[in-house]
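Numbering (my numbering), first residue to last: 579 to 745.
All C-beta atoms, glycine included, are put in the ideal place defined by N, C-alpha and C.
These numbers were taken from a predicted model, which means no experiment stands behind them.
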């Protein structure tokens, strides 16, 4: 029995279904059918990621606070299994309070299908309006990406499959 650490919050029936896919060595094939192997997406640099994030922000969160920096971070998957991180930084400059919003995305997402990268970017952008993972937060995620929850599950399945391959 494989420990499904990325699926801890999901229903037992779903976890059993995933376990059956693992036991019959079909999880990789299932993921390949859902996300056919293709050349890596074009979002490989920090500037491409920034432009990609800004396009999504402009489409759905135009009036939200600006994002000053978006970058890939190779350390993110190691720290608390986070694949994205948002930071709100406030600094006093003279008599003014300056604030910056930065987003970091795990470099692991350079190698995964673009729809999964999009899901993480949407997740981090939603934090511009909703700080906590509450009902309003997930409604905003679904507004920006209708199949948000399915993509989040798929990303967790990719992580599970990858952990099985690396042992």
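The segment 588 to 644 contains, as complete alpha helix (DSSP H) runs of 4+ residues, the segments 590 to 601, 605 to 612, 624 to 638 (chain order). In this chain, the alpha helix (DSSP H) harbouring residue 694 covers 692 to 704. Going by beta carbons, residue 619 and residue 720 fall outside the 7 Å limit. Here DSSP, grouped into helix, strand and coil, assigns residue 581 to coil. In its chain, beyond the 5 residues on either side, 679, 706 have a beta carbon closer than 7 Å to the beta carbon of residue 643. The straight-line gap separating the alpha-carbon atoms of residue 626 and residue 696 is approximately 13 Å. Shown here, residue 725 sits in coil according to DSSP, grouped into three states, outside any helix or strand. Scanning its chain for C-beta atoms nearer than 7 Å, with the 5 sequence neighbours on each side dropped, one finds around residue 677 the residues 666, 667, 668, in chain order. The three-state secondary structure of residue 739, taken from DSSP, is helix.
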